[in-house]
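Asks: Protein chains in written order, with this note's numbering: chain X, 9 to 320; chain H, 9 to 320. Here a beta-carbon is modelled for each residue, glycine too, at the ideal position from N, C-alpha and C. Quick caveat, the model's predicted, so the values are computed rather than measured.
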């Protein structure tokens, strides 16, 4: 297949929405922003052998590429709207592309996100996604705005993706699903935006991302027994001291980590419950300047490695 | 250097503009669009050994990455505003990054384009850029809207970059400069938007990109003697029949190719002249359904290969 045949193949599957004035096939997309909203823009790339393996179904790669970007939009409390796709492919393999689009568009569609443009190159496999969204400029949630005295809470459960990586071929399907097909917390991000002082998605690992949440001089105390745990993780890692490192430093969770004033706890939890999603308080923010992990009996947990660094 | 040290290094060099509500360092950028304008979005990637060579100075790679994306915005008649950068690097080489930013920001700055976000991954070198701009929704210029009877015109000169590729190490500096440091025709794109019926940037080669300009049933006739030629190209390729293939099919020109009604010729040329840029009429649009290249004496030129295909 030629580059232009591949582009035609992608274009044939893209939505045609009224807010897309010019979509796939021109020099650039032209989009109609909603008046009064701020624009939100993010980009995240997936690299072979870093973020996915050659033996993954293409649909899982497509799903993950959409998910990691939707998760960044979610963490701003924003609404996702449009996607662009920069694919670098070693060969023009239309079956791989079709599978990739199954996963990518399959996750974009339920969020009404249209694929409006992109670029195809040949070279070592690299999946670049740009996601655009919008937000009420008065409701933007930053990372570094946690306050001493805030509670620390996280959506869903932690550690499943890290456990899938640790167990590799022996990982149960439920854990593998969380690694390859995470569900970005888009609705929760919008529901929580008015309730929280800071928000970030957990991609590099809870402790690493918590570090981004804490402004100058702030610290946090996490009660590790309170870390929300899926049944599949509890079954694969029944010993908590083997599970906690995965939950604290594993990454790839794509849950939302928030800080919030104690009097917002109930309303925030009620908003998440309405979405069928738990919001679990796991600790609090203080002025210690450090992150401390304690067990329910009050003893300190030895801190594992602080999270994921692409060049670490 | 760690990923976060590299990000801090990039952040320290980024502009801080009032229209950037949240810039580098959060989950996503938050931007303030200008009311009443449509949003324009494009993405283009540079791949090692495809778009640049390992021995290129990093600043040339940075310049080119910005240029190819700015050129797409220019071809919509739009104003560029913000950039995001998705860098996949084999190693965390801060000297390469500094050089890259010299070239990238050095071209973005004069257009008042701020770097507002991005992503760093480790893997085979891949430079992904997303560029956002805006445009009066009533003045969007499409590709496929040329009309029979329109003139065909192109900004600047054609063939220099292709000649630099053909001559490789023996290419004179003036030609090499056009390959590595093309100047996107941003001001010309905005100046021409109200004058033309269709516009595209010449990246794949004049004939290939002309194909995108022509709607169903349309054709074009190009007078090859009229192809605008730089002094450096004329000197390196004095024989026109060796030069024309480079100008027709070489690509990487990043000039603007437009179709326009004959009565717009003078005003369009005056607008370009005011920018110090020639706009040369090279042919016309007809209903032939084919592209014909003729010499000044009326004889047909054998058509070379139709342009660049990434998977061809």
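To the nearest angstrom, how far is it from the Cα of residue 149 of chain H to the Cα of residue 34 of chain X?
Replies: Using only the alpha carbons, I get a separation of about 10 Å.
Asks: Which two residues bound the contiguous alpha helix (DSSP H) that contains residue 55 of chain X?
Replies: It is not in any alpha helix (DSSP H) - residue 55 of chain X instead sits in the beta strand (DSSP E) that spans 46–55.
Asks: What is the DSSP secondary structure of residue 288 of chain X, counted as helix, strand or coil?
Replies: Strand, per DSSP.
Asks: So is residue 165 of chain H buried or exposed if we call it buried at 16+ other beta carbons inside 10 Å?
Replies: The residue in question, residue 165 of chain H, is buried, as its Cβ has 16 or more Cβ neighbours within 10 Å.
Asks: Near residue 29 of chain H, which residues of its chain fall below 7 Å by C-beta distance, leaving aside the five closest residues on each side in sequence?
Replies: If we look at residue 29 of chain H and ignore the five residues flanking it on each side, its Cβ neighbours are 38, 39 and 40.
Asks: Assuming residue 152 of chain X and residue 214 of chain X are in contact, meaning their beta carbons sit under 8 Å apart, how far apart are those beta carbons, in whole angstroms?
Replies: Between residue 214 of chain X and residue 152 of chain X the Cβ distance is about 17 Å, and since that is not below 8 Å, they are no contact.
Asks: At a cut-off of 7 Å, would you count residue 123 of chain X as near the ligand NAP, judging by its Cβ distance to the nearest heavy atom?
Replies: No copy of the ligand NAP appears in this structure; indeed no ligand is present at all.
Asks: Taking the straight line between their C-alpha atoms, what separation do you get for residue 176 of chain X and residue 51 of chain X?
Replies: The straight-line gap from Cα to Cα measures roughly 28 Å.
Asks: Within its chain, find whatever has a CB closer than 7 Å to the CB of residue 295 of chain H; leave out the 5 residues flanking it on each side and keep chain order.
Replies: Counting only Cβ-Cβ distances below 7 Å, and skipping sequence neighbours, we find 156, 225, 226 and 227.
Asks: Express the C-alpha separation of residue 267 of chain X and residue 134 of chain H in angstroms, rounding to a whole number.
Replies: So the alpha carbons of these two residues sit roughly 36 Å apart.
Asks: Is the Cβ of residue 124 of chain H closer than 8 Å to any Cβ of chain X?
Replies: Yes, residue 124 of chain H lies at the interface with chain X (some Cβ there is under 8 Å from its Cβ).
Asks: Which same chain residues end up closer than 7 Å to residue 184 of chain H when comparing Cβ atoms and leaving out the 5 residues on each side of it in sequence?
Replies: The answer, listed in chain order, is 172.
Asks: Can you tell me the Cα-Cα spacing of residue 191 of chain X and residue 129 of chain H, whole angstroms?
Replies: Approximately 22 Å, taken between the alpha carbons.
Asks: Please report whether the beta-carbon of residue 218 of chain X lies at a distance below 8 Å from any beta-carbon of chain H.
Replies: Output row for residue 218 of chain X: interface = no.
Asks: Buried or exposed for residue 275 of chain X, going by 16 or more other Cβ atoms inside 10 Å?
Replies: It counts as exposed.
Asks: Starting from the Cα of residue 277 of chain X, find the closest Cα among X:269, X:283 and X:287 and give me that residue.
Replies: Nearest of X:269, X:283 and X:287 to residue 277 of chain X, Cα basis: X:287.
Asks: Here's the rule: buried if 16 or more other CB atoms are within 10 angstroms of the residue's CB, otherwise exposed. What is residue 204 of chain X?
Replies: Classification of residue 204 of chain X: buried, given that the 10 Å Cβ count is 16 or more.
Asks: Apart from the five residues just before and just after residue 17 of chain H, which ones in its own chain have a Cβ nearer than 7 Å to its Cβ?
Replies: Counting only Cβ-Cβ distances below 7 Å, and skipping sequence neighbours, we find 102 and 105.
Asks: Return helix, strand or coil for residue 32 of chain H, following the three-state DSSP convention.
Replies: Reduced to three states, the DSSP call for residue 32 of chain H is coil.
Asks: Consult DSSP for residue 142 of chain H and reduce its assignment to one of helix, strand or coil.
Replies: Strand.
Asks: For chain X, check one thing: does any of its Cβ atoms lie closer than 8 Å to the Cβ of residue 132 of chain H?
Replies: Yes, because at least one Cβ of chain X sits closer than 8 Å to the Cβ of residue 132 of chain H.
Asks: Please state the DSSP three-state secondary structure of residue 24 of chain H.
Replies: Looking at residue 24 of chain H - three-state DSSP - the assignment turns out to be coil, as it is neither helix nor strand.
Asks: Can the beta-carbon of residue 20 of chain H be found less than 8 Å from the beta-carbon of residue 122 of chain H?
Replies: Not in contact: residue 20 of chain H and residue 122 of chain H (Cβ atoms no closer than 8 Å).
Asks: I want to verify the contact list: residues of chain H whose CB lies under 7 Å from the CB of residue 53 of chain X, in sequence order.
Replies: The contacting residues are 94, 96, 127, 129 and 136.
Asks: Does residue 192 of chain H have its Cβ less than 8 Å from a Cβ in chain X?
Replies: Residue 192 of chain H does not count as touching chain X.
Asks: I want to verify the contact list: residues of chain H whose CB lies under 7 Å from the CB of residue 26 of chain X, in sequence order.
Replies: Chain H residues near residue 26 of chain X: none, gap ~13 Å exceeds 7 Å.
Asks: Between the Cα of residue 43 of chain X and those of X:143, X:178, X:36 and X:91, spot the shortest distance and give me the residue it belongs to.
Replies: Residue 43 of chain X has its Cα closest to that of X:143, out of X:143, X:178, X:36 and X:91.
Asks: Using a Cβ-Cβ cutoff of 8 Å, what residues of the region 11–41 of chain X are near chain H? List them in chain order.
Replies: Of all residues in the region 11–41 of chain X, 11, 12, 14, 29, 30, 33, 34, 35, 36, 37, 38, 39, 40 and 41 have a Cβ within less than 8 Å of some Cβ in chain H.
Asks: Residues of chain X with CB closer than 7 Å to the CB of residue 163 of chain H, please, in chain order.
Replies: The contacting residues do not exist; residue 163 of chain H stays about 14 Å from chain X at best.
Asks: Check whether the Cβ atoms of residue 67 of chain X and residue 107 of chain X sit closer than 8 Å, and answer yes or no.
Replies: Yes.
Asks: Closest by CA to residue 207 of chain X, which one among X:56, X:85 and X:15?
Replies: The residue with the shortest Cα to Cα distance from residue 207 of chain X is X:85.
Asks: For residue 76 of chain H, does the count of other Cβ atoms within 10 angstroms reach 16, so buried, or fall short, so exposed?
Replies: So residue 76 of chain H counts as buried.
Asks: Excluding the 5 residues preceding and the 5 following residue 202 of chain X in the sequence, name in chain order all residues of the same chain whose CB lies nearer than 7 Å to its CB.
Replies: If we look at residue 202 of chain X and ignore the five residues flanking it on each side, its Cβ neighbours are 147.
Asks: So what's residue 10 of chain H in DSSP terms, helix, strand or just coil?
Replies: In this structure, residue 10 of chain H counts as coil in the three-state DSSP scheme.
Asks: How would you list, in chain order, the residues of chain X whose beta-carbon sits under 7 Å from the beta-carbon of residue 43 of chain H?
Replies: Ordered by position in chain X, the residues that pass the 7 Å Cβ test against residue 43 of chain H are 43.
Asks: Using 8 Å as the threshold, is the C-beta distance between residue 309 of chain H and residue 194 of chain H below it?
Replies: Contact flag unset, no.
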